[in-house]
Amino acid sequence: MKIKSDFNDVDALGDDHIGSSSDTPLRADAFELTSSEKIDSIKADVKHILETLGLDLNDDSLKGTPNRVAKMFVNEIFGGLDPAKKPSASTFDNKYKYGEMLVEKNITVYSTCEHHLLPIVGRAHIAYISNGTVVGLSKMNRIVDYFAKRPQVQERLTIQIVKELQNVLNTEDVACVIDAKHLCVNSRGIRDIESSTVTSEFGGKFKETETRRELLDYIQLDTQF
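Structure follows, in structure tokens:
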């Protein structure tokens with residue numbers, strides 16, 4: 060299936076880091092093809108790209124690359140586009156009556172910049188205040204991983220994580236801070252290998268200065284084991 064393109068003067072879009080919405084922009088027919096059909100189509104496109112670059116795909120090292128890249132796109136780094144892979148996040152009654160914020164920090168983020176399809180690597184810090192329910196700690200990691208595994212901009216990723224946890228926990232009192240390096244900045248363009256990008260989304264009580272300050276203090280704790 061070939062997609063018609065009608066983009067003009069889009070180079071500046073990626074460099075200016077412009078986003079479109081808090082929802083991942085998907086076409087209406089995004090799920091008409093099976094995963095196998097998507098892999099076959101992408102494999103042919105990757106083969107064409109590599110051959111256009113002048114590479115000899117008869118070489119033992121390169122002959123399997125189109126298939127490997129296609130499977131990686133569909134099953135791994137863009138697997139978060141598949142709603143069937145969305146993690147179920149069961150909640151439980153807060154029987155301990157714990158009323159302070161819970162912070163899960165230093166969650167590893169591996170994502171892909173949607174402007175240049177280069178990696179975004181960093182850490183996410185999530186917090187919520189229970190209104191009567193709690194969620195398993197590993198589920199927060201899985202939610203981060205699910206929304207990260209798609210072409211992303213960091214601002215959208217931060218918002219999507221908060222919205223999902225607000226929905227799961229039935230509370231507005233959720234926050235997320237992400238600090239990440241973008242290889243589209245570090246390895247191309249300006250090639251600034253030291254810079255990182257910090258984004259945040261604060262809901263409910265986390266909009267209050269004192270609560271937000273407490274969260275940021277927790278994040279800065281030097282956790283060692």
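Going by the numbering used here, the sequence shown opens with residue 60, and the numbers climb by one from there. All C-beta atoms, glycine included, are put in the ideal place defined by N, C-alpha and C.
| query | result |
| --- | --- |
| Taking only the alpha-carbon atoms, compute the straight-line gap between Leu-112 and Glu-214 and give it to the nearest angstrom. | 33 Å |
| With distances taken from CA atoms, which of Asp-88, Thr-192, Cys-243 is nearest Ala-148? | Thr-192 |
| Assuming Val-236 contacts Ser-259 under a Cβ cut-off of 8 Å, what Cβ separation, rounded to an integer in Å, is found between them? | 5 Å |
| At a cut of 8 Å, does the segment 120–135 reach the segment 217–233 through at least three beta carbon pairs? | no |
| With which residues is Asp-281 paired in a DSSP beta bridge? | Asp-281 pairs with nothing; no bridge assigned. |
| Going by C-alpha to C-alpha distance, which of Gly-248, Val-233, Val-212, Ser-94 sits closest to Thr-171? | Val-212 |
| On the three-pair Cβ rule with 8 Å, is the segment 182–201 touching the segment 127–142? | no |
| Would Gln-219 be called buried (16 or more neighbouring beta carbons within 10 Å of its own) or exposed? | buried |
| If we ignore side chains and look at the alpha-carbon of each, how far apart do Val-257 and Leu-216 end up? | 12 Å |
| Go ahead and pull the three-state DSSP assignment for Ile-249. | coil |
| Determine the direct distance from the alpha carbon of Ala-103 to that of Arg-201, and round the result to whole angstroms. | 31 Å |
| Excluding five sequence neighbours on each side, which residues of the same chain lie with their C-beta closer than 6 Å to the C-beta of Asn-165? | Arg-182 |
| Return the chain-ordered ranges of every beta strand (DSSP E) run that is complete within the segment 127–197 and spans a minimum of 3 residues. | 150–152, 160–172, 178–188, 192–194 |
| Between which two residues does the alpha helix (DSSP H) harbouring Lys-97 extend? | 94–111 |
| With a 10 Å radius around its C-beta and 16 neighbouring C-beta atoms as the bar for buried, classify Lys-154 as buried or exposed. | exposed |
| According to DSSP, simplified to helix, strand and coil, what is Pro-210? | strand |
| Straight-line CA distance for Ser-64 to Lys-156? | In this prediction, Ser-64 has a pLDDT of 48, which is less than 50 and means its spatial position is unreliable; nothing more can be read from the coordinates. |
| Which same chain residues, not among the five before or five after Leu-274, have their C-beta less than 7 Å away from its C-beta? | Met-160, Val-162, Ala-186, Ala-234, Phe-265 |
| Just to confirm my understanding: we take Thr-167, look at its own chain, exclude 5 residues before and 5 after, and list those with CB closer than 7 Å. What are they? | Arg-182 |
| Who does Glu-260 pair with in a DSSP beta bridge? | Cys-235 |
| Give me whichever residues DSSP pairs with Lys-240 in a beta bridge. | Val-180 |
| What would DSSP say about Ile-62, mapped onto helix, strand or coil? | Confidence is the limiting factor: at Ile-62 the pLDDT is only 47, short of 50, which leaves the residue's position unreliable, though a coordinate-based value still follows. Three-state DSSP puts Ile-62 in coil, outside helix and strand. |
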